[in-house]
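S.K.: Those protein sequence lines, which keep their order, are chains Z and A. First residue of the first sequence? That's 1 in the numbering used here, and the numbers climb one at a time after it. First residue of the second sequence? That's 98 in the numbering used here, and the numbers climb one at a time after it. One structure is given below, represented as C-alpha cells, and several questions about it will come after.
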Amino acid sequence: MHKKLILLSAGAILLSANAFAVDRGELLASTCLTCHGAGGKSKGAAPSLAGLDKAYFVKSMQDFKSGARPASVMHRHSKGYTDAEYALMGEYFSKLK
Amino acid sequence: MSINRRDFLKVSGMGAASALIAGCAGMGASGAKPKVVVVGAGFGGATCAKYLRKWGPNIDVTLIEPNDKFVSCPRSNLVIGGLRDMDYLTHSYDSLAKYGINMVKDMVVAIDPAKRTVTTKGGKTFGYDRLVLAPGIDVRTDTVKGFQEAEAAGKVVHAWKAGPQTALLRKQLEAMPDGGVYVIGIPGMPYRCPPGPYERISLVADYFKKAKPRSKILVLDSNPDIASKKPLFTWAWNSFYAGMIEYRGGNAVTGVDGGRMMVSTEFDDIKADVMNVVPRQRAGELCALAGVRNDASGNWCTVDFITFESTAVPNVHIIGDSVSAALPKSGHMATNQAKICAAAIVELLAGRQPEAVPVVANTCYSDTSSSTGGHVANVYRYNAEKKAFVDPGGGGATPQGDTLNHTYAESWAQNIWADVLS
C-alpha cells in the first residue's frame, strides 16, 4: 500500500511537469499571432482574437472555408485546418486574456 | 519498503533512463536548469528565445546578437520608395527583457558541437543543452565580378539585409537625375523573400512616377520569369507604371563596374545611374561553423521538420532563411518555425515527445504602390511519409492589388514586430 502511494505521488510530480507542455491548440494558434497580434491583441486592422467566443471562431473559420463569409485572406488560411483544429484553436483564443 | 527503479519507471510510463533524469520539469545534463543558446535575434531567433521562455520558464535562454537594434528587412522597400523612414523599421530589443532572456550583444565566432559550447568574439563561452542557429543569409557578394570593390566604394548595394544599405539605396535614388536608369539584379531561386525584388521595383516606380517620371527601371532577373506573385506584379506594372519598367528574365548579372557604373550580364554591358544587384545567397556562415550547412547544394541546412534539429549534428537546431525546405524564405515563416522549434525543444528537454504534426502558416504582403498591395498565403502541414512540410492546397495569391491588402500589410507589420519583440 505504502509503496503504491509513494509511486503515485512520484508519478503526480512527473505529471505536473506536463503543466509546461504546449498543447496542440496553443501551438496551432501561435501561428496566427503573426497577423493577429502578440497575445492575440492586434495593433492594426486585423481583428484581435484574444477572448473571442469559441463558437463564433469555429463558425467563422467554417464560413471562410466554405466561402459563405467573404474574406481578403482568411479563405486561404481556413482551408489549411480541420474542424477539430478550429475547435482546439477556438478553445485557446477564448481563454486568452 | 524500497522502491526500485523498475517500479518507478512503470508508474511514470517512461522507458528511457535519460528521459527520467530529464523528466523533473526539465533538467539539464548537469542536473541544473536546462540551457538553450539562440544565435541571431532576427525574426526567427528573437521569436524562438521569447517562446522558449514563455513555454519553458525553467529553461535558461541566452540570445546572442551583434546588432544593437532590430532592423526589419520586410517593409524596407517602403523606405527605399520614400514612403517611410529608417525609424519605422528600427526597433529596440528592450521589450524582450520581461521574458528573462539573457541577451548578449556579441558575435559567435566558434561552435563546438561535441563540447556543446559557443564562443564569442568578446571571448565569452556559453554551454548549451540545445543550440538554435538563426543567422539568416550569407549574401554571396563574391559571386558577382567586381561587386565587393564597387560595394566598398559605395557604388553598388544589395540592401538585402536592412540597415545602412537600405538608407544608402534611398539616398542614391533621391540623387539620381530625372531620366536616369535604376538597374536591379535578382538572384535565382531560392533566395530570401521571393516577392521582395518585385515589390522594390513597384515602389521605386511609384517614387519615380511622382518625382522623376522620365526615369527607367531595368530588371535583370536570373529567374526565367517573375518568381513570385507574377499576376499581381504584372497587373501593377501595366496599370501604374506602363513604359517605365523593362523586365529581362534569364538575364543573370555576372559583374558590376563601380568606376564606369556598368552592370554586365552574359549578353550585355549596361550603363546605370543606380546599381542594385542582389547576389545569390546561402545559409549564414554560423551554420558552416557548426557543420550544419549540409544540403546537396552546400548552401542550406537540412533539418528534421518536427524539431528543426539538424540532420547532421545533434542538439543543433536551425530556423528561418538558413533552412533547406520547399518553404518560402520569409520573416513570417522564420517567426512561425521559431515557435514550432521552441515548443519541440521545451518538450524534448522535459523528456516528452514534441508535436507530431506541426502546422505552419505564411502570409506575405507586398505593396504595389503607395496605396495598393496584394498577398500570397499558404498553410503547410507536416507529412510524416515525406518528412517534410507539404502545402495541401487552398492557399494562393491575389491576382491584383487593392487598398484593403495595403491596409492589412501595415497591420501585419505592426503585429509581427510585436509578436517577435514584445
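Cβ coordinates follow ideal geometry from the N, Cα and C atoms, glycine included.
Per DSSP, what kind of secondary structure is K436/A in: helix, strand or coil?
M.R.: Looking up residue 436/A in the second sequence gives position 339. The answer is helix: DSSP assigns K436/A an H, G or I state.
S.K.: Going by DSSP, what residue range makes up the alpha helix (DSSP H) through I298/A?
M.R.: Looking up residue 298/A in the second sequence gives position 201. Counting along the chain, the alpha helix (DSSP H) containing I298/A begins and ends at 293 to 308.
S.K.: For T404/A, decide whether its Cβ has a neighbour in chain Z, counting only Cβ atoms nearer than 8 Å.
M.R.: To locate residue 404/A, count along the second sequence from 1; it is residue 307. No, T404/A does not count as interfacial toward chain Z.
S.K.: Looking at chain A, is there any beta carbon in it that lies within less than 8 Å of the beta carbon of A21/Z?
M.R.: By 1-based counting over the first sequence, the position of residue 21/Z is 21. With 8 Å as the cut-off, A21/Z counts as an interface residue toward chain A.
S.K.: Using a Cβ cut-off of 9 Å, pull out every chain Z residue sitting near Q378/A, in sequence order please.
M.R.: What you label residue 378/A is simply residue 281 of the second sequence in a count that begins at 1. Simply none; closest approach about 23 Å.
S.K.: Quick check on V58/Z - is its C-beta less than 8 Å from some C-beta in chain A?
M.R.: As a position in the first sequence, residue 58/Z is number 58, starting the count at 1. Chain A contact via Cβ: absent.
S.K.: Can a CB atom of chain A be found closer than 8 Å to the CB of S72/Z?
M.R.: Translated into positions along the first sequence, residue 72/Z becomes position 72. The Cβ of S72/Z sits closer than 8 Å to at least one Cβ of chain A.
S.K.: Among the residues of its own chain, which have a CB less than 6 Å from the CB of G346/A, if the five just before and after it don't count?
M.R.: For the purposes of this step, residue 346/A is taken as the residue at position 249 of the second sequence. Excluding sequence neighbours, G346/A sits near D318, P321, D322.
S.K.: To which residues of the same chain is F93/Z closer than 7 Å at the C-beta, ignoring the five residues directly before and after it?
M.R.: In the first sequence, the residue the question calls residue 93/Z occupies position 93. Excluding residues up to 5 positions away in sequence, A29, G40, L49, A50, L52, F57 lie with their Cβ nearer than 7 Å to the Cβ of F93/Z in the same chain.
S.K.: Using a threshold of 8 Å, state whether the C-beta atoms of L329/A and S463/A are closer than that.
M.R.: Here residue 329/A is taken as the residue at index 232 of the second sequence, counted from 1. Here residue 463/A is taken as the residue at index 366 of the second sequence, counted from 1. Yes, these two residues count as a Cβ contact at 8 Å.
S.K.: When the Cα atoms are used, what is the spatial distance from A247/A to V360/A?
M.R.: Within the second sequence, residue 247/A is the residue found at index 150, counting from 1. Within the second sequence, residue 360/A is the residue found at index 263, counting from 1. If I take the Cα positions, the gap works out to 11 Å.
S.K.: Do you know offhand how far D182/A's Cα is from K212/A's?
M.R.: Taking the first residue of the second sequence as position 1, residue 182/A is located at position 85. Taking the first residue of the second sequence as position 1, residue 212/A is located at position 115. For D182/A and K212/A, the distance between alpha carbons rounds to 45 Å.
S.K.: Can you pull the DSSP bridge partners for C384/A?
M.R.: Taking the second sequence and counting its residues from 1, one reaches residue 384/A at position 287. Per DSSP, none; premise fails for C384/A.
S.K.: Indicate whether at least one CB of chain Z lies closer than 8 Å to the CB of H188/A.
M.R.: In the second sequence, counting from the first residue as 1, residue 188/A sits at position 91. By this cut-off, H188/A is not an interface position.
S.K.: Only counting runs of 4 or more residues, tell me where the alpha helix (DSSP H) segments fall wholly within the stretch 348 to 418 of chain A, in order along the chain.
M.R.: 382 to 387
S.K.: Using a Cβ-Cβ cutoff of less than 7 Å, which residues in the same chain neighbour I416/A once the five nearest sequence positions on both sides are dropped?
M.R.: Your numbering for residue 416/A matches position 319 in the second sequence. Counting only Cβ-Cβ distances below 7 Å, and skipping sequence neighbours, we find G141, C145, V229, A231, F405, A431, Q434, A435, C438.
S.K.: Check this for me: beta carbons of G355/A and V253/A, under 8 Å apart or not?
M.R.: Residue mapping note: residue 355/A aligns to position 258 of the second sequence, counting from 1. Residue mapping note: residue 253/A aligns to position 156 of the second sequence, counting from 1. Contact: yes.
S.K.: I'd like the span of the alpha helix (DSSP H) that includes H472/A, first residue to last.
M.R.: Within the second sequence, numbered from 1, the residue matching residue 472/A stands at position 375. It is not in any alpha helix (DSSP H) - H472/A instead sits in the beta strand (DSSP E) that spans 470 to 480.
S.K.: Under the assumption that S419/A contacts G139/A (Cβ atoms under 8 Å), give the Cβ distance between them as a whole number of angstroms.
M.R.: Position 322 of the second sequence holds residue 419/A. Position 42 of the second sequence holds residue 139/A. Incorrect: roughly 11 Å between the Cβ atoms, too far for contact.
S.K.: Below 8 Å on the Cβ atoms is my contact criterion, and I expect A38/Z with S519/A to pass it. Report the Cβ-Cβ distance as a whole number of Å.
M.R.: Within the first sequence, numbered from 1, the residue matching residue 38/Z stands at position 38. Within the second sequence, numbered from 1, the residue matching residue 519/A stands at position 422. Their Cβ separation, rounded to whole angstroms, is 6 Å, which keeps A38/Z and S519/A in contact under 8 Å.
S.K.: Determine whether the Cβ of A45/Z lies closer than 8 Å to any Cβ atom of chain A.
M.R.: Start at 1 with the first residue of the first sequence, and residue 45/Z comes out as number 45. Chain A, which has a Cβ nearer than 8 Å to the Cβ of A45/Z, makes this yes.
S.K.: Between the alpha carbons of P310/A and D275/A, how many angstroms are there, rounded?
M.R.: Against the second sequence, residue 310/A aligns to sequence position 213. Against the second sequence, residue 275/A aligns to sequence position 178. Cα to Cα, P310/A sits roughly 7 Å from D275/A.
S.K.: With a threshold of 8 Å between beta carbons, is L33/Z in contact with chain A?
M.R.: Position 33 of the first sequence holds residue 33/Z. True, the Cβ-Cβ gap to chain A drops below 8 Å.
S.K.: Taking contact to mean at least 3 C-beta pairs separated by less than 8 Å, is the stretch 159 to 175 of chain A in contact with the stretch 442 to 453 of chain A?
M.R.: no
S.K.: Reducing DSSP to helix, strand and coil, say where Y148/A ends up.
M.R.: The residue labelled residue 148/A in the question sits at position 51 within the second sequence. Three-state DSSP puts Y148/A in a helix.
S.K.: Can you confirm whether Y86/Z, when its beta carbon is compared against all beta carbons of chain A, has any partner nearer than 8 Å?
M.R.: For the purposes of this step, residue 86/Z is taken as residue 86 along the first sequence, with counting starting at 1. Not one chain A Cβ lies under 8 Å of Y86/Z.
S.K.: Which class does R213/A belong to by DSSP, given the choice of helix, strand or coil?
M.R.: Here the question's residue 213/A lines up with position 116 in the second sequence. Three-state result, R213/A: coil.
S.K.: What residues from chain Z crowd round L501/A, counting only those whose CB sits closer than 7 Å?
M.R.: Mapped onto the second sequence, residue 501/A falls at position 404. Simply S72.
S.K.: Any idea if M286/A is buried or exposed, counting beta-carbon neighbours within 10 angstroms, 16 or more meaning buried?
M.R.: Start at 1 with the first residue of the second sequence, and residue 286/A comes out as number 189. Exposed: under 16 other Cβ atoms inside 10 Å.
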